[in-house]
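Just so we're on the same page, the working numbering is the position in the sequence shown counted from 1, plus 3. In what follows, a single structure is set out as structure tokens and then discussed.
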Amino acid sequence: MAGQTTSGAHNTMMDAALNQSTIVALGGGGFSMSESGTSAIDDYLLELATTVRDKRSTEAHHRRGGRGASVLPRVCFVPTASGDNPDYIHRFEAAFDGRAETHVLSLFGQSPWGYQDPKMLQDMDLIYVGGGSTANLLTLWRDHGVDDIMALAASRGTILAGISAGANCWFEASSTDSFGPLAPLSDGLGLIPGSACPHYHGEPGRAETFRRWIEAGQLPGPGLAIDDHAAVVFENFRATSVIAEKSEAHAYIVDERGETRLDRDVT
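As structure tokens, then:
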């Protein structure tokens with residue numbers, strides 16, 4: 004996917020994010036799909052967030068003439084796609100308790116978290132977007148200005164990550180069940196070019212329909228297909244690595260010629 008450019012026009016903040024971002028797209032997995040709440044992919048995300056927090060803490064202390072102290076990373080869960088499902092939020096909090104300073108952005112004003120100004124995302128080290136309806140997520144984010152805030156946060160070094168709908172949203176387009184049956188969706192944020200398909204071999208029909216839509220031009224290529232328990236890491240707009248927490252989990256580039264499995268690291 005390296006070297007590709009998005010087809011849509013981006014505002015200044017979007018362009019900045021493309022050049023200075025780290026985005027991790029999960030096909031499935033993480034605490035969302037862990038019976039124990041533990042996840043090697045989530046551990047990896049926390050390592051990234053801790054690096055960001057340590058750097059920011061050190062820079063802040065240097066400005067004050069002191070040394071940086073080790074502090075917990077700030078991690079915000081964004082459960083918009085699930086309608087701010089309380090059980091989903093509680094699972095996030097349990098999974099990251101004691102390992103991060105946890106926050107929740109509830110655009111629905113869900114009690115007890117309440118509605119917060121989305122600008123709070125700019126203070127986070129890791130923004131973790133949950134799964135659910137990609138279409139609903141994109142609509143609400145644009146209504147509340149979250150799309151631009153996400154891009155600005157990324158341009159300032161905040162890690163963006165998401166599972167399923169939370170992975171779809173970063174791309175130009177995606178495969179989604181937001182409308183019931185699987186359907187192509189073409190109005191993603193466009194921070195990453197091409198199309199995404201989560202749960203690639205984890206849900207019936209995902210692989211076949213995605214390949215067909217890419218081949219027919221119904222979704223822009225190249226397509227990135229991600230299995231459950233796998234994630235693709237993008238650094239400065241380029242896919243740099245694939246990580247997996249199960250041996251059978253992979254990611255694939257899909258184009259008109261077929262699919263190519265990407266090399267990966269097993270965490």
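The C-beta atom is built at its ideal place from N, Cα and C for all residues, glycine as well. In this text, all values refer to a predicted model and were calculated from it rather than measured experimentally.
Query	Result
Can you look up R209 in the DSSP assignment and give me helix, strand or coil?	helix
In chain order, what residues of the same chain have a beta carbon less than 8 angstroms from the beta carbon of G148, not counting five sequence neighbours either side?	P121
Select from S158, L129 and R159 the residue whose C-alpha is nearest the C-alpha of E104.	L129
Any idea if P76 is buried or exposed, counting beta-carbon neighbours within 10 angstroms, 16 or more meaning buried?	buried
Verify whether the separation of the beta carbon atoms of E238 and S24 is less than 9 angstroms.	yes
Mapping the DSSP letters down to three states, classify S2 as helix, strand or coil.	Only positions 4 to 270 of the chain appear in this structure, which leaves residue 2 out of reach.
Can you tell me which of the three DSSP states V74 falls into?	coil
How long is the line joining the alpha carbons of I256 and Q221, rounded to whole angstroms?	16 angstroms
Taking all protein chains shown into account, do 16 or more other C-beta atoms lie within 10 angstroms of the C-beta of E248, making it buried, or fewer, making it exposed?	buried
On the DSSP bridge list, what partners appear for G165?	A28 and V132
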